[in-house]
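Residue numbers (the UniProt record's numbering): 1 to 587. All C-beta atoms in this analysis are idealised placements derived from N, C-alpha and C, irrespective of residue type, glycine included. Keep in mind the model is a prediction, meaning the values are calculated, not measured. Data block below; observations after.
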Amino acid sequence: MTGGSLGVCMWSYGTLPDINGVIPGDEKFLHSKSLANVRKNSTKMFSGFREKERSLPSVWCRCLGCRKISMLLLIAFALLVFVLGSLAVDKETISLNVDQQIGTLSMVLPYVNGAPSNPGASWIFGKKDKQNDENYLVANILNEDEENRFRIVGSKGAIVLPSNHPCTKFTFPPPPPPNLRRIGPRPCPVCYLPVDQAIASMPSSPSASPVLQNLTYVHDENPIKTEPHGGSDFGGYPSIKQRSNSFDVKESMTVHCGFVKRSKPGLQTGFDFDESDLAELQQFHDIIVASAIFGNYDVIQQPRNVSEEAKKNIPFYMFIDEETEAYIKNKSILESSKRVGLWRIVVVRNVPYSDARRNGKVPKLLLHRIFPNVRYSIWIDGKLQLVVDPYQILEKFLWRQNANFAISRHYRRFDVFVEAEANKAAGKYDNSSIDEQVGFYKQEGLTPYSEAKFPITSDVPEGCVLIKEHIPITNLFTCLWFNEVDRFTSRDQLSFAIVRDKIMAKVDWNINMFLDCERRNFVIQTYHRDLLEQMPPPVATVSRRPPGLPSMRVRTPGKRVTRRRSSSRRHRKAAGGNRDQFLLSTF
């Protein structure tokens with residue numbers, strides 16, 4: 001009986017099989033056979049079972065039973081339907097939430113990048129970006145010189161990489177499962193070259209400037225406002241006619257570009273510099289990194305992961321006003337060498353605007369006027385912390401792309417009219433001024449963004465990072481962009497597209513608008529100072545001892561051992577710190 005019972009239990013989960021024509025019923029057999037005969041045959045069955053056990057598929061099928069297999073198939077089918085349903089999302093939703101689809105990729109990797117040209121990335125970003133990928137995958141002529149072995153010669157931002165490029169096989173990883181996705185914009189991987197290879201790929205000569213070869217600037221010691229539209233003494237009040245003429249790109253041009261009162265920017269022009277600083281700003285540099293803090297609005301963030309070559313050859317300039325200077329002097333942060341960590345501090349006197357945000361647009365858009373002898377510049381807003389080497393950033397977003405101006409798209413919005421409404425809803429500027437500006441652009445022919453604009457991928461930038469080669473056409477672009485900020489609102493996202501489109505209508509030139517998740521890979525956004533000061537002091541991390549070896553003592557039965565828990569009050573008291581120390585911890 002024992003052997004027969006064991007064999008039956010291993011066959012199934014409770015259903016007895018037909019054993020030599022004997023079927024068990026309610027306490028009797030349906031066929032009249034002797035019990036001894038059943039036992040005899042059951043022993044034979046048990047030995048046969050061992051033979052069949054070697055066939056794994058047969059065993060799995062018999063052990064699970066038909067009901068279990070059907071249940072597994074139903075579960076698999078339900079999972080398939082769920083996955084297909086999650087992928088069948090409206091393309092607009094996908095384009096508006098690109099970063100949400102790859103939200104868990106928040107780590108910064110040593111090789112971290114996905115170029116829009118990567119076909120493997122198309123299914124992450126939806127049909128809109130897939131079409132954009134195809135537009136960028138245009139054949140290029142490869143330069144085989146050893147000196148420029150990683151450079152591509154092409155047009156329209158084409159970025160087919162040579163076979164020996166380290167990032168040739170880079171692809172975006174698949175999106176995380178829906179239950180692991182994090183809400184909100186996040187970084188995504190980007191593939192950077194090692195620093196030494198990035199340096200080797202820097203072009204030896206400037207890029208060609210289409211049509212425009214000679215750009216000079218208006219000088220007017222007594223600018224007069226003649227029209228009702230905005231403007232300033234600093235910008236020179238260009239008329240509507242002068243504004244229209246400035247978009248007619250010619251070989252030689254003279255345009256308004258700030259600093260109009262003197263021929264030398266920073267010397268009694270508004271936005272003035274000390275003489276010692278002015279002399280340094282005239283020096284030649286291949287590359288600079290620049291930022292600004294006005295109105296003591298942000299905390300200076302120290303760059304990280306900067307190579308020794310960059311520290312030696314690339315200066316980092318931080319423009320501040322006198323209010324911010326007084327604060328950092330009071331905190332004893334500013335060194336006698338005018339430095340705060342890597343940043344060389346440049347104090348601006350006689351700022352031209354009462355609005356700190358508008359003052360910040362001067363160095364952001366007019367770096368080529370402040371630094372007349374610089375080849376490349378990287379601008380980052382004061383609230384950002386740079387965490388990737390500048391050489392690697394330039395190689396990835398300019399040199400590899402055969403571009404001379406790069407800016408990220410907005411992570412959610414790509415239409416100027418939608419951006420304007422979002423600015424109004426968030427109280428970024430007074431509504432009437434925003435309506436006036438957008439209405440003016442609408443009369444000039446600005447239309448809502450549509451796929452007809454391909455290969456242009458967006459009309460709205462995330463303008464906190466600008467990567468630029470200083471050549472006449474890019475200098476013209478930022479001059480005219482600044483003139484719009486001077487004339488209308490300081491919200492530069494609203495004026496970006498109209499200036500870009502008007503220039504692109506005249507010359508064969510484009511801008512590399514890369515993904516915002518790529519921007520978030522090389523800069524980290526922090527809070528403004530006022531928000532930081534409202535936050536509670538940080539909690540210090542308390543190191544915990546590793547658990548000890550288990551005690552060999554025998555515990556007395558029935559005796560209850562209680563462990564003393566650390567008091568949350570004591571933890572808080574030990575962790576408390578000075579808020580100013582936290583705010584200045586980055587210095």
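Separation of the CB atoms of Leu-365 and Thr-478 is rounded to 5 Å, and the pair is thereby assigned contact status at 8 Å. Restricting attention to alpha helix (DSSP H) runs no shorter than 4 residues, the stretch 236-307 encloses them at 240-246, 275-281, ordered along the chain. With respect to the C-alpha of Asp-355, the residue from Ser-209, Arg-186, Ile-293 having the closest C-alpha is Ile-293. Sequence-distant partners of Pro-363 (beyond 5 residues in either direction) whose C-beta falls short of 7 Å from its own C-beta, in its chain, are Ala-290, Ala-292, Phe-319, Ile-370. Here the stretch 402-414 makes no contact with the stretch 319-335; the two share fewer than three CB pairs at distances below 8 Å. Between Arg-304 and Val-387 the beta-carbon gap is near 5 Å, inside 8 Å, which marks them as a contact. Contact between Ser-408 and Met-504 does not hold, since their C-beta atoms are separated by about 18 Å, which reaches or exceeds 8 Å. Rounded to whole angstroms, Val-299 and Ala-78 show a C-alpha spacing of 51 Å.
Scanning the stretch 431-502 from its first residue to its last, the whole alpha helix (DSSP H) runs of 4-plus residues come out as 431-443, 472-487. With contacts defined as CB atoms closer than 8 Å, Gln-385 and Ile-524 qualify as a contacting pair. When the beta-carbon positions are compared, Leu-515 and Cys-167 stay at least 8 Å from each other.
Collapsing the DSSP output to three states places Thr-216 in a strand. Between Pro-223 and Val-260, the CB-CB gap stays under 8 Å.
With 16 or more other Cβ atoms from the protein chains shown falling within 10 Å of its own Cβ, Gln-493 counts as buried. Close CB contacts of Asn-296 within its chain, under the 6 Å cut and outside five residues either way in sequence, are with Glu-323, Thr-324, Tyr-327 (chain order). With contact defined as three or more Cβ pairs closer than 8 Å, the stretch 249-264 and the stretch 208-220 are in contact. It is roughly 14 Å from the alpha-carbon of Leu-398 to the alpha-carbon of Ser-204. Ala-406 carries a strand assignment under DSSP once its states are collapsed to helix, strand and coil. Within the stretch 332-380, the complete alpha helix (DSSP H) runs of at least 4 residues fall at 356-365, 367-370. Contact between the stretch 450-464 and the stretch 244-253 is absent: fewer than 3 CB-CB pairs across the two stretches fall below 8 Å.
Annotation: the continuous beta strand (DSSP E) that includes Phe-514 extends over 512-514. In the structure shown, Leu-193 falls within a coil segment according to DSSP collapsed to helix, strand and coil. In the same chain as Gly-236, and ignoring 5 residues on each side of it, the C-beta atoms closer than 7 Å to its own belong to Val-218, Asp-220, Pro-223, His-256, Val-260, in chain order.
With respect to the 8 Å criterion, Phe-273 and Val-348 are classified as neighbours on the basis of their beta carbons. Taken through DSSP and simplified to helix, strand or coil, Gln-392 comes out as helix.
For Tyr-317, the enclosing beta strand (DSSP E) stretches over residues 316-320. The beta carbon of Ser-495 lies closer than 7 Å to those of Trp-481, Glu-484, Val-485, Phe-488 in the same chain, with the five residues before and after it left out.
For Val-523, there is no enclosing alpha helix (DSSP H); the residue is found in the beta strand (DSSP E) stretching over 523-525. Secondary structure of Leu-384 (DSSP, three-state): strand. With contacts defined as CB atoms closer than 8 Å, Ser-263 and Pro-472 fail to qualify as a contacting pair. In the three-state DSSP reduction, Lys-312 falls in the helix class (H, G or I). Distance from the CA of Trp-343 to the CA of Phe-271, rounded to the nearest whole angstrom, comes to 19 Å. Straight-line spacing of the CA atoms in Lys-241 and Gly-230 works out to 15 Å.
When secondary structure is reduced to three states using DSSP, Ser-70 falls in the helix class.
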